[in-house]
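Asks: A single structure is presented below for examination.
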Amino acid sequence: MSAACAAATGILAGAGSFSPDRSEVLRYLGHRGQELGPELEGRLSAVMARAAAEVRPRWVWRACPVAPGPEGFVVGGTGLVLPGRSMEVLLGDARAVALLAVTCGPGPDAVAVRDASRDPVGALVYDACAIDLVEQGADACNDAVDAWAAARGLVPTRRYSPGYGDLPLSVQPALLDALDAGRRLGVTLTESLLMVPMKSVTAVVGIGPA
Numbered sequence: 001m002s003a004a005c006a007a008a009t010g011i012l013a014g015a016g017s018f019s020p021d022r023s024e025v026l027r028y029l030g031h032r033g034q035e036l037g038p039e040l041e042g043r044l045s046a047v048m049a050r051a052a053a054e055v056r057p058r059w060v061w062r063a064c065p066v067a068p069g070p071e072g073f074v075v076g077g078t079g080l081v082l083p084g085r086s087m088e089v090l091l092g093d094a095r096a097v098a099l100l101a102v103t104c105g106p107g108p109d110a111v112a113v114r115d116a117s118r119d120p121v122g123a124l125v126y127d128a129c130a131i132d133l134v135e136q137g138a139d140a141c142n143d144a145v146d147a148w149a150a151a152r153g154l155v156p157t158r159r160y161s162p163g164y165g166d167l168p169l170s171v172q173p174a175l176l177d178a179l180d181a182g183r184r185l186g187v188t189l190t191e192s193l194l195m196v197p198m199k200s201v202t203a204v205v206g207i208g209p210a
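Under full-length UniProt numbering, residues 1 to 210 are what the sequence shown spells out, in order.
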C-alpha cells in the first residue's frame, strides 16, 4: 500500500448550490414525453426555481485504507466491513476506499408533509427536484474523490450505495459513524436502516492503481 493511501484523509466537507435538471425531474415524476401544457409548464418551472433557491446539498467524505478480510473488505480506522460479491468486484484491486454521505437536509421532508394535502402536485414536483439535487450533490462529492485520487496517480471506481446488489443496508450504521454524519450532517437511521432526512445518499468508491 502506498504511503499516500496509508495516510488517507480526515473527514472532508463540502456543499453546493445546484439547479434541478428538468429532464431528470420529469423522469422521477414518471413522465413519458406527454405534452405538459402551459399551466403545468409554469408550475414545473416555479417549483424547480423554488427548490434551487431552498435546497443546498451538503456532504462529507473520507478516504481510508482497505484490505480483504474473512467477512468482507475491512475499512481501516473504522468499524466498517463491506461484504459481498459486488464489493469483491468493486474493491478487488483497491488500495483505499472513499466513504461518502450527502444530504439535502430536513427541508424537503418538511415540504412533503406540509404540502401533501394543500398542494399535492407541487409537493410531488418538489420531491422530484430534491431527488435530483441530492444526486447532483453526490456527483459533486464524487468529483472531489476523483480529484483526490488523480492527484495521487490513482484511479477511482464508480460509486456504489448500500442497498444495491448484495451490499446490505446493515453497513449503514458503521458507514455513517465513520463519517460522523449524525453530527456533521444531521443524518440518522430509522430502525429499518433508512436514512433521515430522506433525501440523503451514502456510497463507497474504490481507489486503486492506474
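Where a beta carbon is used, it is the ideal one built from N, C-alpha and C, also for glycine.
What's the gap between the Cα of Cys104 and the Cα of Ala181?
Replies: Within the sequence shown, the letter at position 104 stands for residue 104. Within the sequence shown, the letter at position 181 stands for residue 181. Taking the straight line joining both Cα atoms gives about 13 Å.
Asks: If you follow the alpha helix (DSSP H) that Pro120 is part of, which residue opens it and which one closes it?
Replies: For the purposes of this step, residue 120 is taken as the residue at position 120 of the sequence shown. It spans Pro120 to Ala150 - the alpha helix (DSSP H) in which Pro120 sits, taken as one unbroken run.
Asks: Report yes or no: do the stretch 17-24 and the stretch 81-99 share at least 3 C-beta pairs separated by less than 8 Å?
Replies: Counting Cβ pairs under 8 Å, fewer than three are found: no touch.
Asks: By DSSP's criteria, Ser23 is part of a beta bridge. Which residues make up the other side?
Replies: For the purposes of this step, residue 23 is taken as residue 23 along the sequence shown, with counting starting at 1. Ser23 is not bridged to any residue.
Asks: Taking the straight line between their C-alpha atoms, what separation do you get for Ala51 and Gly30?
Replies: Position 51 of the sequence shown holds residue 51. Position 30 of the sequence shown holds residue 30. Answer to the nearest angstrom: the Cα atoms are 19 Å apart.
Asks: Between Gly72 and Asp166, what straight-line distance do the alpha-carbon atoms span, to the nearest angstrom?
Replies: Numbered from its first residue, the sequence shown carries residue 72 at position 72. Numbered from its first residue, the sequence shown carries residue 166 at position 166. Taking the straight line joining both Cα atoms gives about 12 Å.
Asks: Under a Cβ-count criterion, where at least 16 other Cβ atoms within 10 Å of its own Cβ denotes burial, should Arg118 be classed as buried or exposed?
Replies: Locating residue 118 in the sequence shown gives position 118, where the first residue counts as 1. It is exposed - the Cβ of Arg118 has fewer than 16 other Cβ atoms within 10 Å.
Asks: Would you list the residues sitting across from Ile207 in a DSSP beta bridge?
Replies: Within the sequence shown, residue 207 is the residue found at index 207, counting from 1. DSSP, once it has assigned bridges, lists Ala96 and Pro156 as partnering Ile207.
Asks: Return the CA-CA distance between Gly206 and Ala178, expressed in angstroms with no decimal places.
Replies: Sequence index remark: in the sequence shown, residue 206 carries index 206 (1-based). Sequence index remark: in the sequence shown, residue 178 carries index 178 (1-based). Each residue's Cα considered, the two are about 16 Å apart.
Asks: Which of the three DSSP states, helix, strand or coil, is assigned to Arg56?
Replies: Mapped onto the sequence shown, residue 56 falls at position 56. Three-state result, Arg56: coil.
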